[in-house]
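Report on the following structure.
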Amino acid sequence: MSKILKYFLILSVLAITFTYSQVSQAEMVPVGSYQKSCVDIKVKNDKLKARCTTLNGSVKKAKLKNLSACLNSISQNGDIGNIDGSLICLPDLPIVDPNFTFPKSETQINAWIYGNDLSNVYKHGWGVWDGLTSHVGNVDGVPVRAFETWNTPTNILSQIGNLPKNMSMLSSSQPLHPAKLKLELKPPKRFNKRRFKSVKKSKAKGINDGDTSIAVSVAFNPPGARHLITNKLLLQSTLNKYLKEGYTEIPNYPLNTIVVKPVYKVITSKNTTNGIYTFPGWPGTPSPAKTFGESVWGSCVYVDIKGTGKGGNSIDKGCKGQSKENTFYLNNFIHQQINKEDAQYLTDQLGLNELGKVEAGDYAILVGMHVTTREIKRWTWQTFWWSANPNKPYLPSSTDIASYRPKTMGKAPRHYAMSVAYEMVSPAQPIIGGENSGSPVIGYNPHLEAGFDPATFQIIRAINGSNGPIVHEYGVQTNCMTCHNLAMYNPSKNYKVDSTEDPYATDFYMSITDEVFNNSLKLDFSWAILGSLKLDDNN
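Using the numbering used here, read the sequence shown as starting at 6 and increasing by one per residue.
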C-alpha cells in the first residue's frame with residue numbers, strides 16, 4: 006500500500022547504520038530520524054536539504070520546504086522522517102484549521118464535559134480527525150496522511166530492543182529509529198479468527214451482503230511512540246519491575262499522545278465481480294439491542310474500483326441490487342493501493358489464502374478508526390466509520406455531530422461518521438468517588454464492537470437510572486472510556502495462555518481507583534500495551 010504499508014517498509018532503511026557527514030551547529034540542522042538515513046544535510050533559505058536512502062538502497066536528493074513552519078508544528082516530540090528518499094514533516098498532529106488547538110488544556114476539556122458542552126466536544130473530535138487524516142507530504146508522488154506515518158507496536162518493540170542495555174530512559178531529544186517492519190495489519194483479537202481466513206459471504210435472512218472480513222492495526226503518534234520506547238513499556242519485565250517497586254500504574258503518556266486503531270477491508274480480484282466490490286453497509290444501532298456483527302446488517306455498499314466520482318448517498322437495505330444511489334468509488338474512501346513488496350506479506354499475515362494471493366494493484370479501504378488522545382486523565386475518545394451519507398449518519402452518530410465537521414476537511418475524510426465518549430455516564434462523574442448513576446453514554450465502532458455478545462464481557466454493572474437499573478450486555482451498548490479504564494497488567498495471569506485483553510466491560514461508571522485494580526498495574530487506559538506485550542519475564 007503506497008500510503009501505509011509502504012511507509013513501514015521504508016522504515017527499514019532507518020534501522021541500518023549509516024555513515025553521514027558532520028554538520029556544524031551554525032547551520033541549525035534539526036534533529037530527527039531522517040538523520041539515520043540521510044547524508045549531506047543542509048539548511049538554507051528555510052529549506053532542509055539532504056541526500057536520503059530509498060527502499061531499494063539507492064540515494065536521491067530530498068528537500069523539505071517551509072522548515073520553520075514544520076518545526077513550529079512539532080510541539081514536543083514530533084519528527085522529521087525519511088520516507089523512501091523523501092523528507093516528511095511529522096508533527097504531533099497537523100493543525101489544518103487555524104481555530105483548532107492541540108493539545109487542549111485538561112481544564113478546558115473538563116469544562117466542556119462537566120458543563121455538558123457537546124458542541125465543543127464534537128468540534129474537538131473532528132479537529133483531531135481533520136489533522137490525523139491530512140496530508141503531510143508525498144512519497145514517490147503519492148500523498149501520505151499523518152496517521153500513516155506513525156509507529157506501530159512491532160516497530161516500537163524493535164526500537165526498544167535497540168536501546169543501550171544500561172539505559173532505561175533516553176533524552177527527550179533523542180530521535181526515533183523506526184525499524185525494518187511492516188504494518189501490523191491483522192484480524193482483531195476479539196473476533197473469531199476463522200472468520201478472516203477467507204471472504205465469507207454472510208447472510209442476513211438469506212441476504213448476501215458481501216465481504217465481512219476486516220483487518221486492524223494500532224499506531225502511535227511520535228510523542229506516544231517515544232514514551233513507549235524510552236520507558237520500555239511493551240516489555241513484561243518492565244511491568245513486573247514497576248510492581249516490585251510498589252507502583253500501581255505505569256508512567257502516564259504525555260498530554261499530546263494520540264493512539265489510533267484503523268480498520269480496513271482488503272479488496273482483491275477474488276472478492277470483486279466485474280470491478281465491483283461489495284461490503285456490508287451500516288444500518289444503525291439495532292433496537293432492542295442485540296449482537297449485531299456485519300454478517301447480519303442486511304445492507305450493501307457497492308464500490309466501483311475502476312471509476313472515480315462523487316458517489317451515491319445511501320446503503321442498499323436488503324441488498325436488492327446496485328444502483329447509482331448506493332455505488333461509490335475508491336476516491337470516496339481513505340484508501341491505499343497494495344504494491345508488490347506488500348502483497349505476499351498481507352496474504353500471509355491476514356490468513357487470506359483462500360482468496361488467493363493478495364496481488365500488487367489490489368486495494369485496502371479504511372472503513373473505521375478508533376482515535377484517543379491523552380489530553381485528559383481519562384483520555385478523549387472518538388471513533389469513526391465510513392458512512393454512505395455522512396451528512397445524515399446512523400446511530401451511534403447523528404446529523405448534529407456531522408454538522409460540526411470543519412470546512413478544512415478533505416473530501417474522503419468527510420465521508421466518515423463520528424461518535425464520542427468523553428464521559429461514561431451523564432451527568433459526568435468525577436474520576437474518583439463518583440456514582441454509577443444517570444444516563445448511559447454510548448460510543449462504539451460498528452465494525453469493531455457491534456458484533457460483541459454478552460460472553461465478550463467479564464464485567465457488567467447496572468447503571469442506576471431515573472427509571473430503574475440499566476443493564477448493558479451487548480457491543481452496541483459499550484463506551485470506550487469504560488472499557489479502556491480497565492486496561493491493567495495482572496501479574497497473577499499467565500499471558501502465554503490467558504487473554505491479554507481482559508477484562509472487558511460495557512458501559513457504566515467506575516472510578517480510576519476501583520477495587521478491580523487491586524494487586525494489578527494500571528496501564529493508563531492503554532490496551533495496546535497488553536495487546537503487544539513481549540513476554541520476556543516469567544518470574
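We put the CB at the ideal spot given by N, CA and C, even for glycine. Bear in mind that the values here come from a model prediction, so they are computed numbers and not experimental data.
Item                                                                                                                   : Value
Collapsed DSSP secondary structure at Asp353 in the structure displayed                                                : helix
Option nearest Ile468 by Cα separation, candidates Pro285, Ala460, His477                                              : His477
Where the alpha helix (DSSP H) through Gln342 begins and ends                                                          : Counting along the chain, Gln342 falls outside any alpha helix (DSSP H), though it belongs to the beta strand (DSSP E) covering 340 to 342.
Cβ neighbours of Ser442 in the same chain (closer than 6 Å, five flanking residues each side left out)                 : Asn469
3-residue-minimum beta strand (DSSP E) runs that sit fully inside the stretch 78 to 141, ordered along the chain       : 84 to 88, 91 to 95
Runs of beta strand (DSSP E) lying entirely within the stretch 462 to 513, each at least 3 residues, in chain order    : 468 to 470, 473 to 475
Segment limits, beta strand (DSSP E) that includes Asn213                                                              : 212 to 216
Where the alpha helix (DSSP H) through Lys249 begins and ends                                                          : 241 to 249
Touch test, the stretch 483 to 498 against the stretch 518 to 531, Cβ-Cβ under 8 Å, three pairs minimum                : yes
Three or more C-beta pairs below 8 Å linking the stretch 136 to 144 and the stretch 396 to 409                         : no
Local Cβ density within 10 Å of Glu454, reported as buried at 16 or more and exposed below that                        : buried
At least 3 beta-carbon pairs within less than 8 Å: the stretch 423 to 431 vs the stretch 504 to 522                    : yes
Three-pair Cβ contact test at 8 Å for the stretch 223 to 241 versus the stretch 262 to 282                             : yes
Element boundaries [alpha helix (DSSP H), containing Thr404]                                                           : 404 to 407
7 Å Cβ shell around Thr413 - same chain, five flanking residues per side excluded                                      : Val101, Asp102, Asp135
Limits of the beta strand (DSSP E) - the one that Gln556 falls within                                                  : This structure leaves residue 556 out entirely; the chain is present only between 6 and 544.
Residues of its chain near Lys52, where Cβ-Cβ distance is below 7 Å and the 5 sequence neighbours each way are ignored : Lys68, Leu69, Lys70, Leu72
DSSP three-state assignment for His375, whether helix, strand or coil                                                  : strand
Sub-8 Å separation of Gly316 and Ser304 beta-carbons                                                                   : no
Whether Thr388 touches Thr378 by CB criterion (8 Å)                                                                    : no
Straight-line Cα distance separating Asn87 from Gln341                                                                 : 20 Å
Val1 versus Ile343 - alpha carbon distance                                                                             : Outside the shown range of the chain (6 to 544) lies residue 1, about which nothing can therefore be said.
Euclidean distance between Cα positions of Glu153 and Pro193                                                           : 19 Å
Sequence-distant residues of its chain with Cβ nearer than 7 Å to Ile165 (five each side left out)                     : Ile234, Lys237, Leu239, Leu240
Close-in-space but distant-in-sequence residues of the same chain around Gly229 (CB under 7 Å, 5 per side omitted)     : Tyr258, Thr262, Ile263, Val264
Whole-number beta carbon distance between Asn213 and Cys324, since they are thought to touch under 8 Å                 : 6 Å
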